[in-house]
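In my numbering, the protein residues as written are 116 to 616.
Input: a single structure, listed below in structure tokens.
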């Protein structure tokens, strides 16, 4: 070593020497790159890559579309897997597979097993979807390569979505493939005609949407006890519009519509929705509650794509918060919902069904935007005749030996259908205890015992089980205030508010 060269300078020179040796070393071409080049019939490093990303919930649709594409006449594909250390963590793309690398230390890729993940559909069906795989496609004799990668929320926003990347000798070939796959995803959408709910992903990076399939109980028309003519009005607005949609559209009549069901808790709003879902077979139903209320735009977009569809927003009063409430982040979801309803084309068959226990909260917003809700239907507490029918309905399956039913019909003045259903359930329990396995013979005694138990908790217990007495109706209508409650209280409700403070 020259006495004028310091150890630090020598170390730097030696490092440059090693780097030069590495860069001059010939990197052998792996069998995977050879196979890709042979399939494409050209040099893949000179070809463009077209990519498209999809939300996580679209991964099943992407798989179904890929399968449908391959099955088309003149199309074929071989699916191969990829093996590489920590391949999911690298966030690899198609360009990485055809990159020969500049050093012996470059990432080495080889053929390996195809990675799948199970996607759960309706009816307990399971669809295996490709999580990491390479399709060697030939479409009418034209070769292309499609790389499919599923989402990996734990590795950052870039990998939080499903992705398909396409390479072909001609850019237009890759673009046409992506367009075909997108069209097939819409045509074979796994959510079409199903009952689903949307919710936000709680873990990982970035906003993600989770879709859950649901099975609703079968509810017949006889199961829905409403005042005379009410269900007929609902049927006309919800069902008849769809049955005659083509004729109405041809005459220039809009078929996009909104239905508001309002009334005290337990009066049958949810049951009516289940009835409509059962009657309108083949229709996509999107249930929107809880945290998903902040995803109205995504819900509406899906309803538009999967029409004919029904969007259900239960307890819509919970999203009617006033803008600018001091100290609380505003959530003007009601205004967003109304804007989304207005933004849909009038010739698409989308039905919005909103429910609320507090129509007074919604009135200012709905009145300021007329036409979003075309029909508002009150579902009142049942009258004596309706309560008699409810006793008969919920006594099904029991040996109902009540001698003085009129007494219980009178005692349940102010009771909701939900309360009467629970009353018969508790009476059945008392009958089972008395019968000691001999059968469910429900008598007046058992109904008395059930009512006593339901009222033991006082007015709070009655209210939460759906029994309303005079004075329990809630505050009078008024303008929306903080948290969506009327801003002007008077009389007894003002006194209650002051006492609470």
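Glycine is no exception: its CB is placed at the ideal position from the N, C-alpha and C atoms.
Checklist entry - Can the beta-carbon of residue 400 be found closer than 8 Å to that of residue 303? => result no
Next on the checklist: Under 8 Å: do the segment 487-505 and the segment 363-383 share three or more Cβ pairs, one atom per stretch?
Outcome noted: yes
Checklist entry - Who does residue 282 pair with in a DSSP beta bridge? => result Under the DSSP definition of a beta bridge, residue 282 partners with 164, 260.
Next on the checklist: Need the endpoints of the alpha helix (DSSP H) that residue 582 sits in, please.
Outcome noted: No alpha helix (DSSP H) holds residue 582; DSSP gives it neither H nor E.
Checklist entry - Would residue 468 be called buried (16 or more neighbouring beta carbons within 10 Å of its own) or exposed? => result buried
Checklist entry - In this structure, does DSSP put residue 122 in helix, strand or coil? => result Helix, per DSSP.
Checklist entry - Based on Cα-Cα distance, which residue from 523, 472, 162 lies nearest to residue 280? => result 162
Checklist entry - Among 488, 485, 543, which has the Cα closest to the Cα of residue 509? => result 543
Next on the checklist: Suppose the cutoff is 7 Å on Cβ atoms and the five residues either side in sequence are ignored; what does the same chain contact list for residue 505 look like?
Outcome noted: 340, 497, 532, 535
Next on the checklist: Taking 7 Å as the cut-off, is the C-beta of residue 450 nearer than that to any heavy atom in the ligand ATP?
Outcome noted: This structure does not include the ligand ATP; it has no bound ligands of any sort.
Item to check | Backbone CA spacing between residue 177 and residue 229 [nearest angstrom] | outcome: Between the alpha carbons of residue 177 and residue 229 lies a gap of roughly 16 Å.
Checklist entry - What three-state label does DSSP hand residue 534 in the structure shown? => result helix
Checklist entry - From which residue to which residue does the beta strand (DSSP E) around residue 626 run? => result For the chain, the structure presents residues 116 to 616; residue 626 sits outside this window and is missing.
Checklist entry - Taking the alpha helix (DSSP H) that residue 567 falls in, what are its first and last residues? => result The continuous alpha helix (DSSP H) containing residue 567 extends over residues 559-570.
Checklist entry - How should residue 617 be labelled, buried or exposed, when 16 other C-beta atoms within 10 angstroms of its C-beta is the threshold for buried? => result There is no way to answer for residue 617, as the model of the chain reaches only from 116 to 616.
Checklist entry - Going by other Cβ atoms of all chains shown within 10 Å of its Cβ, with 16 needed for buried, is residue 276 buried or exposed? => result buried
Checklist entry - Per DSSP, what kind of secondary structure is residue 593 in: helix, strand or coil? => result Residue placement at residue 593 is flagged as unreliable, the pLDDT there being 43, under the threshold of 50; a coordinate-derived value is accordingly withheld.
Next on the checklist: Quick check on the DSSP output: the alpha helix (DSSP H) that includes residue 509 runs from which residue to which?
Outcome noted: From DSSP, the alpha helix (DSSP H) with residue 509 extends over 499-509.
Next on the checklist: According to DSSP, is residue 154 part of a helix, a strand, or is it coil?
Outcome noted: helix
Checklist entry - Does the segment 420-433 touch the segment 286-306, meaning 3 or more C-beta pairs lie closer than 8 Å? => result yes
Next on the checklist: With DSSP as the reference, identify every bridge partner of residue 516, one or two as the case may be.
Outcome noted: 558
Checklist entry - What number of angstroms, rounded off, separates the C-alpha of residue 186 from the C-alpha of residue 253? => result The alpha-carbon atoms of residue 186 and residue 253 are separated by roughly 11 Å.
Checklist entry - What are the boundary residues of the beta strand (DSSP E) that residue 183 is part of? => result Unbroken run through residue 183 is the alpha helix (DSSP H), 174-186; no beta strand (DSSP E).
Next on the checklist: By the three-class DSSP mapping on this structure, what secondary structure does residue 354 have?
Outcome noted: helix
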